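Asker: Next up is a structure, given as structure tokens.
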Amino acid sequence: MIGLASMQATYAALEAICGDHFHDSYEKARIVFNKDGRFTTVMRDGQCVAHMAGRFSKQELRDALKGNIKDHGRYVAGKIKSILEQKLALPDTYLFRMDIEDDLRWVDSIRSRQFSAWVVPKVPDNDDPKQVRAEFRFWIAEARAIIFADKGKAWAWQHKAIVTDGLQHPKADTHEELAHLVADTFNKAVEHAGWD
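With the UniProt record's numbering applied, the sequence shown closes on residue 196, and no number is skipped along the way.
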């Protein structure tokens, strides 16, 4: 899979030719083409962002960039999911949930940069003052996340965050390190707050 610098350049290239920028020139978008026979290597900021065959339109390039982002997202999310499934210490009354394909569909529509994993009760009860809920939001092109974790009734601000003091914004050098950090942070927080 490509590295984080290439993925960040891929997002930058996509943003540079989408929306209000769709009619901008490739030069303005800082996209460079290196042709080698029938194939073209597409570059942005010195990073390879796509390989194209033959002649192609701007829409085909956008689709290729989105495809590369989704492929990288699947790869990264699969690694993160595997680590979280192994490391999260959940009681039998809770489950871990992650729908990679559902999250990646947002790349097509809004050029999303994120996907999420969840810890939820098997039998949700919004009135339970002891119930724990968590969302771990990961960035595809950066090894960073946000941890939203709380305990308490799910309505009328009757719940309390259990991951605070900056720990809810973990960063790492790789997505694998990040997944371990997220799991460790959540496990420690919920151990302190308690499951019941």
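In this text, a Cβ means the ideal position worked out from N, Cα and C, and glycines have one as well.
Here the structure is a predicted model, which is why all the values come from computation and not from measurement.
Going by alpha carbons, who is nearest to residue 188 out of 48, 139 and 87?
Answerer: Looking at the Cα atoms, 87 is the closest of the given residues.
Asker: Give me, in chain order, the residues of the same chain whose beta-carbon lies closer than 7 Å to that of residue 172; leave out the 5 immediate sequence neighbours on both sides.
Answerer: Once the five neighbours on either side are set aside, the close Cβ partners of residue 172 are 143, 178 and 181.
Asker: From residue 93 to residue 37, what distance separates their C-alpha atoms?
Answerer: Approximately 59 Å, taken between the alpha carbons.
Asker: Mind checking residue 115: buried by the 16 CB within 10 Å criterion, or exposed?
Answerer: By the neighbour-count rule (16 or more Cβ atoms within 10 Å), residue 115 is buried.
Asker: By the DSSP assignment, the alpha helix (DSSP H) with residue 184 in it spans what residues?
Answerer: It spans 175 to 193 - the alpha helix (DSSP H) in which residue 184 sits, taken as one unbroken run.
Asker: Could you give the residue range of the alpha helix (DSSP H) that holds residue 7?
Answerer: Taken as a continuous stretch (DSSP letters only), the alpha helix (DSSP H) holding residue 7 covers 4 to 16.
Asker: Considering Cα atoms alone, identify which of 42, 57 and 58 is closest to residue 51.
Answerer: Taking only the C-alpha atoms, the option nearest residue 51 is 42.
Asker: Can you tell me where the beta strand (DSSP E) with residue 159 in it begins and where it stops?
Answerer: Start and end: 159 to 161.
Asker: Between which two residues does the alpha helix (DSSP H) containing residue 106 stretch?
Answerer: Segment 100 to 110, the alpha helix (DSSP H) holding residue 106.
Asker: Among residues of its own chain, excluding the 5 on either side of residue 29, which ones have a beta-carbon nearer than 6 Å to its beta-carbon?
Answerer: So the qualifying residues of the chain are 16 and 17.
Asker: Three or more beta-carbon pairs under 8 Å between the segment 96 to 114 and the segment 134 to 143, yes or no?
Answerer: Yes, since at least three Cβ pairs between the segment 96 to 114 and the segment 134 to 143 fall closer than 8 Å, the two stretches touch.
Asker: Does DSSP put residue 168 in a helix, in a strand, or in coil?
Answerer: It is coil, neither helix nor strand.
Asker: How about residue 79 and residue 175: do their beta carbons lie closer than 8 Å?
Answerer: A contact, by the Cβ cut-off of 8 Å.
Asker: Give me the residue from 25, 20, 99 and 33 with the minimum Cα distance to residue 136.
Answerer: Of the listed residues, the one whose Cα sits closest to residue 136 is 99.
Asker: Can the beta-carbon of residue 104 be found closer than 8 Å to that of residue 73?
Answerer: A contact, by the Cβ cut-off of 8 Å.
Asker: Hey, could you find the ends of the alpha helix (DSSP H) residue 60 is sitting in?
Answerer: It spans 58 to 87 - the alpha helix (DSSP H) in which residue 60 sits, taken as one unbroken run.
Asker: Just to confirm, are residue 13 and residue 65 a CB contact at a threshold of 8 Å?
Answerer: Taking 8 Å as the Cβ cut-off, residue 13 and residue 65 qualify as a contacting pair.
Asker: According to DSSP, is residue 54 part of a helix, a strand, or is it coil?
Answerer: Of the three classes helix, strand and coil, the one that applies to residue 54 here is coil, per DSSP.
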